[in-house]
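Worksheet for the structure shown next.
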Amino acid sequence: MNGTGMRDLFLLDPGTIFLNHGSFGACPRQVFERYQEWQVQLERQPVAFLDPERGYRRWMAETRRALANDLGTNADDLVGCVNATHGLNIVARSLPLEPGDEILMTDHEYAATQKTWDFVARNTGAKLVYVAIPLPLTEAAQFNDAVIGAMTDRTRVLFASHITSPTSLAFPLETVIEEARHRGIYTVIDGAHAPGHVSLDLDRLGADFYCGNCHKWMMAPKGAGFLHARKEHQPMLDPLVISHGWQGDRMAEGPFGGSPFVDAMEIQGTRDPSAWLTVPEALRFRREQGLEEAAGTCSDLAHETAGRLLDLCRTEPLSSREYSAPLMVSVPVPTKKHAWLQRELHDRHRIEIPVVRWNASSCLRLSVQCYNTRAEMDLLIEAVASLLKLPDGT
Numbered sequence: 001m002n003g004t005g006m007r008d009l010f011l012l013d014p015g016t017i018f019l020n021h022g023s024f025g026a027c028p029r030q031v032f033e034r035y036q037e038w039q040v041q042l043e044r045q046p047v048a049f050l051d052p053e054r055g056y057r058r059w060m061a062e063t064r065r066a067l068a069n070d071l072g073t074n075a076d077d078l079v080g081c082v083n084a085t086h087g088l089n090i091v092a093r094s095l096p097l098e099p100g101d102e103i104l105m106t107d108h109e110y111a112a113t114q115k116t117w118d119f120v121a122r123n124t125g126a127k128l129v130y131v132a133i134p135l136p137l138t139e140a141a142q143f144n145d146a147v148i149g150a151m152t153d154r155t156r157v158l159f160a161s162h163i164t165s166p167t168s169l170a171f172p173l174e175t176v177i178e179e180a181r182h183r184g185i186y187t188v189i190d191g192a193h194a195p196g197h198v199s200l201d202l203d204r205l206g207a208d209f210y211c212g213n214c215h216k217w218m219m220a221p222k223g224a225g226f227l228h229a230r231k232e233h234q235p236m237l238d239p240l241v242i243s244h245g246w247q248g249d250r251m252a253e254g255p256f257g258g259s260p261f262v263d264a265m266e267i268q269g270t271r272d273p274s275a276w277l278t279v280p281e282a283l284r285f286r287r288e289q290g291l292e293e294a295a296g297t298c299s300d301l302a303h304e305t306a307g308r309l310l311d312l313c314r315t316e317p318l319s320s321r322e323y324s325a326p327l328m329v330s331v332p333v334p335t336k337k338h339a340w341l342q343r344e345l346h347d348r349h350r351i352e353i354p355v356v357r358w359n360a361s362s363c364l365r366l367s368v369q370c371y372n373t374r375a376e377m378d379l380l381i382e383a384v385a386s387l388l389k390l391p392d393g394t
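At position 342 of the sequence shown (counting the first as 1) the number is 342 in the working numbering, and the numbers step up by one without a gap.
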């Protein structure tokens, strides 16, 4: 089932055309109700709930197992965190960087993650190096040659998005991750948009560190993300908050019976883990509603609409379909006032969709999820056409 029939399963404002699933996701009613059940359970008996020996560790582990099964990895190699940026901060601030070391990243990265690495560089003396990815991206060799060609004997970290936020590109990461390992370079992948969006096999991908969100395309509540780390690198990671779960001497077993990695990240005093504990319900919803099967229809609608927008705006695509995210497409639009266009689409037409500034371009980023319809795409086309004719639209 796609479109109107699915809309009733979500809590979205019926007066808004929501074409921005990529920013914060949208939690289905069934999943949100389970989230609230966890919160009520916490408030009814907070001591029993948060005691590692009386349920908390078991519930956290159940989510890790369910998620690990979906992500193609071992449950002991991932931990829950608030979001992908939180996970990235754990990694970036734990890596042994020194003055003169280089942190290599593409020119398509999310602004918050760029700031994370800038903070780390300022505090370690490391240097940020950006590599431009040739556009339109139509072959894996374009990406591989650009990234590998920018590696030097000073490169210590390769940071790249799995699916880019401003440009919606799906980077072919396997070859550059393999090359980085051969050179002794840490690979850190921002998977904010990947879980629930593309098929993932983290063990096969082989990145040293992978940070992802469950609240976007996986449809868990806000505040559910994860950090995955290869086992040999877990001892170097310290949580951002040192609390009950941390063990300074790095014992083989953590202070609460898990690994030092798991205990240090998951047992941090008083917290509300309800969003994380709801991830299995989000996975269940996706299975029951056949969302993997429906993704092809959504992808066709997204890319068909993107093609119509490109024709309307007389702009060129950023990539072939193979190297674009399946359900999210960024389309260059002929305006220098990206904030104006986004505001007018919402205020005049009740369309919630981001228009982002990337390099010298403005890009309208279209997300299509199971609750969206072709009629909504038609309204978007009409709205963009009318707004770009206004004096402020150029």
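From the three backbone atoms N, C-alpha and C, an ideal C-beta is built for every residue, glycine too.
Relative to the alpha-carbon of residue i, which residue among the options has its alpha-carbon at the smallest distance?
i, options, result
"H182", "T167, S168 and D153", "D153"
"S168", "R348, R321, L388 and D347", "R321"
"D378", "V356, H233 and R308", "R308"
"V147", "P166, S165 and E174", "E174"
"H349", "L380, A339, E266 and A26", "L380"
"E33", "A180, F143, L388 and P221", "P221"
"S165", "R365, R230 and P134", "R365"
"A150", "H162, H233, A180 and D311", "A180"
"S94", "N123, V31 and T73", "N123"
"D101", "G87, Q268 and W117", "W117"
"R271", "D311, I177, G5 and W38", "W38"
"G396", "R230, M218 and M219", "Missing from the structure shown is residue 396; the chain here goes from 1 to 394 and no further."
"A121", "P136, A140 and R156", "R156"
"A92", "R58, A26, C211 and F10", "C211"
Quick check: what's the CA-CA separation for residue i versus residue j?
i, j, result
"P273", "V79", "12 Å"
"D107", "P280", "35 Å"
"S259", "L67", "18 Å"
"W276", "S386", "43 Å"
"H346", "T16", "8 Å"
"E382", "A160", "35 Å"
"N89", "H228", "13 Å"
"I185", "D208", "9 Å"
"P28", "N69", "22 Å"
"P172", "L318", "15 Å"
"A194", "I163", "6 Å"
"H233", "V47", "33 Å"
"L237", "L128", "21 Å"
Mark residue i as exposed unless 16 or more other C-beta atoms lie within 10 angstroms of its C-beta, in which case mark it buried.
i, result
"D190", "buried"
"V368", "buried"
"R314", "exposed"
"M251", "exposed"
"K216", "buried"
"V329", "buried"
"A295", "buried"
"R64", "buried"
"D51", "exposed"
"Q342", "buried"
"F119", "exposed"
"D77", "buried"
"A132", "exposed"
"T113", "buried"
"A375", "exposed"
"A339", "exposed"
"L12", "buried"
"V40", "exposed"
"D8", "exposed"
"P354", "buried"
Near residue i, which residues of its chain fall below 6 Å by C-beta distance, leaving aside the five closest residues on each side in sequence?
i, result
"N213", "N83, A84, A192 and G225"
"P332", "T315, S361 and C363"
"Y56", "L50"
"L71", "L200 and L202"
Would you check whether the ligand MG has a heavy atom nearer than 7 Å to the C-beta of residue i?
i, result
"L95", "Looking at this structure, you won't find the ligand MG or any other ligand, since it has none at all."
Below 8 Å CB to CB, which residues in the same chain sit around residue i once its five sequence neighbours on both sides are set aside?
i, result
"L235", "According to the sequence shown, residue 235 is Pro rather than Leu. Closer than 8 Å at Cβ, skipping near neighbours: R250, P260 and F261."
"S299", "P326, L327 and V368"
Under 7 Å Cβ to Cβ from residue i, same chain only, skipping five residues before and after it: list those, please.
i, result
"P134", "Q142 and A146"
"A306", "V329, V331 and L366"
"V356", "P166, H338, C363 and R365"
*Does the pairing of the segment 324–331 with the segment 197–206 give three or more beta-carbon distances under 8 Å?*
yes
*Using 8 Å as the threshold, is the segment 356–366 in touch with the segment 285–296, meaning 3 or more CB pairs across them?*
No: fewer than three Cβ pairs fall under 8 Å.
_For the pair the segment 13–28 and the segment 367–385, tell me if three or more CB-CB distances fall below 8 Å._
yes
*Taking 8 Å as the threshold, find out whether the segment 108–117 comes into contact with the segment 231–247 through three or more Cβ pairs.*
The segment 108–117 vs the segment 231–247: no contact.
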